[in-house]
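One structure below.
There are 2 protein chains.
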Amino acid sequence: MKDIKVKIENVLPNDIEKRSFEIITEELGNAELDPLKAPIIKRAIHTTADFDYLRNLYFSENAVIKFQEAIKEGTSIVTDTQMARSGINKKRLGEYGGEVLCFMSDEDVAENAKLNKTTRAVASMEKAAKLNKKFIFAIGNAPTALIRLYELIKEGRLDTAGIIAAPVGFVNVTEAKNLIMELDCPLIVAKGRKGGSNVAAAICNGLIYECNSNK
Amino acid sequence: MKDIKVKIENVLPNDIEKRSFEIITEELGNAELDPLKAPIIKRAIHTTADFDYLRNLYFSENAVIKFQEAIKEGTSIVTDTQMARSGINKKRLGEYGGEVLCFMSDEDVAENAKLNKTTRAVASMEKAAKLNKKFIFAIGNAPTALIRLYELIKEGRLDTAGIIAAPVGFVNVTEAKNLIMELDCPLIVAKGRKGGSNVAAAICNGLIYECNSNK
Chain Y
1 MKDIKVKIEN VLPNDIEKRS FEIITEELGN AELDPLKAPI IKRAIHTTAD
51 FDYLRNLYFS ENAVIKFQEA IKEGTSIVTD TQMARSGINK KRLGEYGGEV
101 LCFMSDEDVA ENAKLNKTTR AVASMEKAAK LNKKFIFAIG NAPTALIRLY
151 ELIKEGRLDT AGIIAAPVGF VNVTEAKNLI MELDCPLIVA KGRKGGSNVA
201 AAICNGLIYE CNSNK
Chain W
216 MKDIKVKIEN VLPNDIEKRS FEIITEELGN AELDPLKAPI IKRAIHTTAD
266 FDYLRNLYFS ENAVIKFQEA IKEGTSIVTD TQMARSGINK KRLGEYGGEV
316 LCFMSDEDVA ENAKLNKTTR AVASMEKAAK LNKKFIFAIG NAPTALIRLY
366 ELIKEGRLDT AGIIAAPVGF VNVTEAKNLI MELDCPLIVA KGRKGGSNVA
416 AAICNGLIYE CNSNK
């Protein structure tokens with residue numbers, strides 16, 4: 001590789017992720033991590049290079065085990081963005097029988113959102129509720145999706161295998177996450193303003209990849 | 216909205232982005248921003264809730280104007296992830312004639328990567344170079360894509376309208392961005408470890424949305 005003045009570490013493509021996780025582990029130093037939560041925390045840091053995720057992630061009791069049981073039973077994941085859908089490893093999830101669904105671009109969702117003067121994210125959650133299936137929700141963008149999930153569950157119109165709540169933003173984001181944390185279902189929440197479709201996808205992948213480690 | 220104990224601000228969906236940018240502007244306080252760069256810096260913060268992007272973003276001389284000229288001429292954007300492709304506003308870009316291309320899932324790219332023992336990101340950049348069109352590159356994941364772009368340009372095998380360099384990560388990411396900053400073409404670089412497909416897409420959208428403001 002000629003002409004290159006900066007030092008490029010000689011790491012094979014397949015080893016880059018492994019080496020990245022080693023660096024993250026080194027830099028976390030003496031931070032004591034729950035071994036079930038650690039792969040998810042590290043994957044959120046891996047996806048953002050933001051060590052705030054060491055403190056940002058809230059897990060409800062036995063959340064990791066419960067999500068992984070659901071995944072192993074073939075539970076599908078509903079996202080609120082095509083970006084989150086793109087980022088989740090659909091092949092690995094598919095090995096357990098689940099798929100990743102995003103209704104945001106569906107025509108009926110756009111129509112219902114317009115009709116009800118709400119967001120497409122809200123209409124997407126309502127569409128999911130009407131399917132009467134037990135989904136995992138991975139929300140990386142819309143606080144309105146979280147608020148609607150809360151209402152649907154409280155009204156007894158939705159049963160869920162768990163919610164990954166990771167919208168990013170400045171308006172109603174922290175509040176919507178605080179609301180979701182009142183629910184009695186498996187939860188992984190990126191508390192505060194930070195999160196994103198990439199973080200929601202990373203949390204899903206962290207759960208999927210470790211399904212066979214945690215029995 | 217009954218049963219809700221947390222305070223949700225009453226902001227209409229369409230106003231949430233506007234309100235978010237107001238909050239970001241407030242919190243940036245006295246930071247003096249170049250008016251051309253400001254919408255891009257704020258959009259990167261909006262996408263991550265991470266104010267580090269105030270200091271992280273490098274712009275080559277007149278980068279914003281040059282990227283926007285290219286967009287207005289109908290230049291297409293090549294990404295290194297489907298996530299970045301998902302996040303770019305293809306409708307707004309399409310109004311100028313451009314489209315968003317991602318070759319990562321193409322069969323010939325997978326074959327060439329295997330054949331040449333390299334990454335699909337490298338094979339994607341090589342595919343783009345062979346098309347002999349002047350693209351904008353928006354790289355949100357693979358440092359190997361940046362390194363290959365650098366080589367292709369130095370070898371005279373690729374001409375580009377500009378590179379948005381925003382991979383995230385721990386191995387060769389900072390180094391690959393430092394390498395790209397040696398190039399003499401329009402550049403917007405998320406320096407250091409941080410970035411991601413969401414950040415690459417946000418930078419593209421920041422450019423696209425302001426195309427008509429900057430003449």
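The listed protein sequences correspond, in order, to chains Y and W. If you read the first sequence in this note's numbering, its first letter stands for residue 1, the second for the next number, and so on. If you read the second sequence in this note's numbering, its first letter stands for residue 216, the second for the next number, and so on. Where a beta carbon is used, it is the ideal one built from N, C-alpha and C, also for glycine.
Exercise for the section: Answer yes if the stretch 31-44 of chain Y comes into contact with the stretch 119-135 of chain Y, meaning at least three C-beta pairs across the two stretches below 8 Å, and no otherwise. Expected result: Flag = no, the stretch 119-135 of chain Y and the stretch 31-44 of chain Y do not touch.
Exercise for the section: Give the straight-line distance between the Cα atoms of Y:I153 and W:S339, rounded to the nearest whole angstrom. Expected result: So the two alpha carbons sit approximately 44 Å from each other.
Practice task
Taking the CB atoms as reference points, tell me whether Y:K177 and Y:L146 lie closer together than 8 Å.
Solution key: Contact flag set, yes.
Handout entry: Under the three-state DSSP convention, the category Y:F170 falls into
Key = Judged by DSSP in its simplified three-state form, Y:F170 adopts coil rather than helix or strand.
Problem - Inter-residue spacing [alpha-carbon to alpha-carbon] between W:N427 and W:F274 - result: Taking the CA atoms as reference points, W:N427 sits about 20 Å from W:F274.
Problem - Terminal residues of the alpha helix (DSSP H) in which W:A417 lies - result: Looking at the DSSP string, the run of the alpha helix (DSSP H) that includes W:A417 is S412 to Y424.
Problem - chain A residues whose Cβ lies nearer than 9 Å to that of W:I239 - result: Absent from the structure is chain A; the protein chains it does hold are Y and W.
Practice task
Return the first residue and the last residue of the beta strand (DSSP E) that W:T375 is part of.
Solution key: Its beta strand (DSSP E) spans residues T375 to A380.
Practice task
Return no unless some Cβ of chain Y is closer than 8 Å to the Cβ of W:C400.
Solution key: False, the Cβ-Cβ gap to chain Y never drops below 8 Å.
Handout entry: Coarse secondary structure for W:Y268, derived from DSSP in three states
Key = W:Y268: helix per DSSP, three-state reduction.
Exercise for the section: Sort out for me which residues DSSP pairs W:Y273 with in a bridge. Expected result: Answer is W:V404, bridged to W:Y273.
Practice task
Spell out whether any CB of chain W is found under 8 Å from the CB atom of Y:G196.
Solution key: Yes, because at least one Cβ of chain W sits closer than 8 Å to the Cβ of Y:G196.
Exercise for the section: Consider the Cβ of W:R307: report whether some Cβ of chain Y lies at a distance smaller than 8 Å. Expected result: Residue-level contact by beta carbon fails for W:R307 and chain Y, as no gap is shorter than 8 Å.
Practice task
Apply the 10 Å Cβ neighbour rule to Y:Q86 and answer buried if 16 or more other Cβ atoms are within range, or exposed otherwise.
Solution key: The sequence shown places Ser at residue 86 of chain Y, rather than the Gln named in the question. With at least 16 other beta carbons inside 10 angstroms of its own, Y:S86 counts as buried.
Exercise for the section: From the DSSP output, read off the bridge partner residues of Y:L138. Expected result: First, the amino acid is wrong: residue 138 of chain Y is Ala here, not Leu. Y:A138 pairs with Y:T79 and Y:I164.
Problem - Selection from Y:K66, Y:P167, Y:T160 and Y:D184 that minimises the alpha carbon distance to Y:A201 - result: Checking every option, the nearest Cα to that of Y:A201 belongs to Y:P167.
Exercise for the section: Find the residues of chain W that neighbour Y:K7, judging by a C-beta separation of less than 7 Å, and give them in chain order. Expected result: Result: E390.
Exercise for the section: Using a threshold of 8 Å, state whether the C-beta atoms of W:T294 and W:A376 are closer than that. Expected result: The answer is no: Cβ separation not under 8 Å.
Exercise for the section: Identify whether Y:V100 lies in helix, strand or coil by the three-state DSSP scheme. Expected result: Here Y:V100 sits in strand by DSSP.
Exercise for the section: Show which residues of chain W have a CB atom less than 8 Å away from the CB atom of Y:E125. Expected result: Going by the sequence as given, residue 125 of chain Y is Met instead of Glu. Those within 8 Å of Y:M125 in chain W number zero; the least Cβ separation is about 14 Å.
Practice task
Would you kindly work out how many angstroms separate the C-alpha atoms of Y:G140 and Y:F170, rounded to a whole number?
Solution key: The alpha-carbon atoms of Y:G140 and Y:F170 are separated by roughly 14 Å.
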